[in-house]
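Worksheet: one structure, shown below.
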Amino acid sequence: MTVTDLVSYEDVLASYDPVMGLEVHVELGTNTKMFCGCSTTLGADANTQTCPTCLGLPGSLPVVNATGVESAIRIGLALNCEIAQWCRFARKNYFYPDMPKNFQTSQYDEPIAFNGFLDVQLEDGEVFRVEIERAHMEEDTGKSTHIGGATGRIHGASHSLLDYNRAGIPLIEIVTRPIVGAGARAPEVAKAYVAELRELIKALGVSEARMEMGQMRCDVNLSLRPIGREKFGTRSETKNVNSLRSVERATRFEMQRHAGVLNAGGTILQETRHFHEEDGSTTSGRIKEEAEDYRYFPEPDLVPVAPSREWVEELRGTLPELPRLRRNRLREEWGISEHEMQSVLNAGALDPILATIDAGAPADQSRKWWMGELARRANEDGVDLGSLPITPEQVARLCELVAEGSLNDKLARQTIEGVLAGEGTPDEVVDKRGLKVVSDEGALGKAVDEAIEGNAAIADKIRGGKVAAAGALVGAVMKATRGQADAARVRELILEKLGVEG
Amino acid sequence: MPGITREEVAHLARLARLELKDEELDHFAGQLDDIIGAVAAVSEVADEDVPPTSHPLPLTNVMRPDEVRPSLTADQALSGAPAQEQQRFKVPQILGEE
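Residue numbers (full-length UniProt numbering), protein chains in the order written: chain H, 1 to 502; chain E, 1 to 98.
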């Protein structure tokens, strides 16, 4: 294998224009498989979710899952596609043991949805339109385990073991038209597209679209053409790029690799490539010199799908607000910048923040806790914000306790700590740990007097007009009350006692 | 000209893992040849103006509700497998040595 020198990203762009095509597979969250009633629950014992139909046994007949079709139409509509008046399934024949039928039931030249687009927003707010060629229905394959080779790879394996629980789970494949004009931003556009698509799928409620679980998988097609040339170059297809960051890295790597090959006078092989998470590189897989002959033909065992226009319009009525528009609306409502909104999204805090607002908290307080203390803790523990053991209702209650003056920020943080440690609800933690703000004016007044007495020099400065020095006395009082005083009230008391105007 | 030879039927039977006796091969080879001949006759009649038929019945939208039905047990599923290991179908080496 020859190793190609990578060209610096700037040099790639000086000579070439990238063209991308993205194919995304989404596993639908239906209860049953696409063509039979087997359960789709994850984690079941091997081969306990199969039946004669998904095992391809003689005499079995498939029947389409109505929810699968409905989900496909809703995805198509959300992607601004036309929905076919009439379309068929097709058999995609191939010889590989991951499908016991020896073919995958898919759609060929009659996809259920076609001619759409998805507008994606880049980090600086620029909107880029990605055109959708088609979205079609098909089924997932079984899971292979390769035995006898190094680290479970198919190369060098002596035999393979097949679990067909996944074979037949509904998939929607979404294919873009060639994405041109992204230039330097191609990797960013690729990532933003997949991210937006994932948000859209989640908002539609048709799949959890968790890339780390393989519920959403992306293939990145990339080619370069010399700047000014109309004709596309030869493309490579990097398979199974399964995180947003990887989509960006794979695109960038392939741009740099292609330029290296082309600059050296070489030609790009039309091939599939494997992406390596560890170093962001790709290596050669299967060479595809010509289109594979899958001998597609219409599936005789499934009758055509002809969604009535009434049904399509009814489904259009169920579409949620598009994630991009929803984000922009919330950003405006909250009065925060693009950058701040991006941080919220990156932290996965949008849903918890909204749930906390729904539970009665003001938007700014909800954002403050989720993006502050809770984000910090999630980061420390290496978990998603959503999986912290605290509910939006509890965070809302915390906001309430702060608003009514029962807790200050420091005590609120201790309360969060207690809730996360499993000590109970915020109210229980406050009780057990004795975290209430000292609001007894007598006790507070005494603590203030002591602080003034113990810090005479500072007190004099304040009397002399250096109001800023009051901070030191506030600190002393907070220390004496173990943080359980309302700092603003302490400051008021200090200034009052020293006869100074705040 | 026969549509299919006895040797081809024997080959197909092996691919389909069907064990056929000699007299069965003779019998099926003749039957299959008749069927292929009949299909060939239809192909001759079908002209440009006849669209290919994928489904003989004018049915559309046959769907089932998304409700779980009982699956086979793993033992049942694997009962027809020539080889198994770890409750999985065992298949020969996929990629040959290169």
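Here a beta-carbon is modelled for each residue, glycine too, at the ideal position from N, C-alpha and C.
Check	Outcome
Could you please tell me which residues of the region 15-37 of chain H, in chain order, have their CB closer than 7 Å to any CB of chain E?	Thr30, Asn31, Thr32, Gly37
I believe Lys368 of chain H touches Gly168 of chain H by the beta-carbon criterion, under 8 Å. Please report the beta-carbon distance rounded to the nearest angstrom.	About 47 Å separates the two Cβ atoms, so there is no contact after all.
List the residues that DSSP assigns as beta-bridge partners of Asp131 of chain H.	Note that residue 131 of chain H is Glu in the sequence shown, not Asp. Glu131 of chain H is bridged to H:Phe117.
When DSSP labels each residue in this structure, what does Gly21 of chain H get in the three-state scheme?	strand
Please classify residue 503 of chain H: is it buried, with 16 or more other beta-carbons within 10 angstroms of its beta-carbon, or exposed?	Any question about residue 503 of chain H goes unanswered here, given that chain H covers just 1 to 502.
For Ile452 of chain H, which residues in the same chain have their Cβ closer than 6 Å to its Cβ, ignoring the five residues on either side in sequence?	Ala459
Find the residues of chain E that neighbour Thr67 of chain H, judging by a C-beta separation of less than 8 Å, and give them in chain order.	Pro65, Asp66
Tell me which residues share the same chain as Val69 of chain H and place their Cβ nearer than 8 Å to its Cβ, disregarding the 5 neighbours each side in the sequence.	Ile112, Met137, Val305, Pro307
Rounded to the nearest angstrom, what separates Ser243 of chain H and Asp279 of chain H at their Cα positions?	14 Å
Looking only at its own chain, which residues have a Cβ that is under 7 Å from the Cβ of Leu32 of chain E, when we skip the five neighbours before and after it?	Ile4, Val9
Mind checking if Glu85 of chain E is an interface residue toward chain H, Cβ cutoff 9 Å exclusive?	yes
Out of H:Arg327, H:Ser406, H:Ala378, H:Leu222, point me to the one whose CA is closest to Ala347 of chain H's CA.	H:Ala378
Could you tell me whether any Cβ in chain E is nearer than 9 Å to the Cβ of Thr272 of chain H?	no
So which residues of chain H does Ala74 of chain E contact, with C-beta pairs closer than 9 Å?	Asp45, Ala46, Asn47, Thr48, Thr50
Could you check what DSSP says for Met1 of chain H in three-state terms: helix, strand or coil?	Because Met1 of chain H sits at a pLDDT of 42, beneath the cut-off of 50, its placement in the model cannot be relied upon, and the following sentence gives the value as read from the coordinates. Met1 of chain H falls in the coil class under three-state DSSP.
Taking Cβ-Cβ distances shorter than 8 Å, what residues in chain H pair up with Arg88 of chain E?	Ala46, Asn47, Thr145, Leu161, Leu162, Asp163
Give the DSSP-derived three-state secondary structure of Asn451 of chain H in the structure shown.	In the sequence as presented, Asn is not what sits at residue 451 of chain H; that position holds Ala. Reduced to three states, the DSSP call for Ala451 of chain H is helix.
Please state whether the Cβ-Cβ distance between Glu67 of chain E and Asn47 of chain H is less than 9 Å.	no
For a test of the three-state rule: what should DSSP assign to Glu67 of chain E, helix, strand or coil?	coil
Could you tell me whether any Cβ in chain H is nearer than 9 Å to the Cβ of Thr60 of chain E?	yes
Kindly indicate if chain H contains any beta-carbon less than 9 Å away from that of Val45 of chain E.	no
Keeping to the same chain, check which residues put their C-beta closer than 8 Å to that of Gly424 of chain H; ignore five residues upstream and five downstream.	Gly418, Lys432
Looking only at its chain, what residues have a beta carbon closer than 6 Å to the beta carbon of Asp119 of chain H, apart from the 5 residues adjacent to it on each side?	Val127, Arg129
Contact between the region 319-328 of chain H and the region 198-211 of chain H: three or more CB pairs below 8 Å?	yes
From H:Gly233, H:Thr40, H:Ile416, H:Asp301, pick the residue whose C-alpha is nearest to that of Gly59 of chain H; which is it?	H:Asp301
Can the beta-carbon of Leu319 of chain H be found closer than 9 Å to that of Arg74 of chain H?	yes
Just reading off the alpha helix (DSSP H) that Val194 of chain H is part of, what are its end residues?	186-204
Among the residues of its own chain, which have a CB less than 6 Å from the CB of Arg295 of chain H, if the five just before and after it don't count?	Asn93
Should Met1 of chain H be labelled buried (16 or more other beta-carbon atoms within 10 Å of its own) or exposed?	Note that Met1 of chain H scores a pLDDT of 42, beneath 50, so its modelled location is shaky; the value from the coordinates is reported in the next line. Met1 of chain H is exposed by the Cβ-count criterion.
Would you say Val91 of chain E lies against chain H (beta-carbon separation less than 9 Å)?	yes
Pick helix, strand or coil for His55 of chain E, following the three-state DSSP scheme.	coil
Under 9 Å, do Leu197 of chain H and Val430 of chain H count as touching if we go by C-beta distance?	no
Give me the subset of the region 146-158 of chain H whose CB atoms are less than 7 Å from a CB atom of chain E, sorted by chain position.	Ile154, His155, Ala157, Ser158
Within its chain, find whatever has a CB closer than 6 Å to the CB of Asp384 of chain H; leave out the 5 residues flanking it on each side and keep chain order.	Gly348
Looking at the unbroken alpha helix (DSSP H) that takes in Phe253 of chain H, where does it start and where does it end?	244-263
Mind listing the chain E neighbours of Arg225 of chain H? Cutoff is C-beta to C-beta under 9 Å, in chain order.	Ordered by position in chain E, no residue passes the 9 Å Cβ test against Arg225 of chain H, which lies about 33 Å from the chain.
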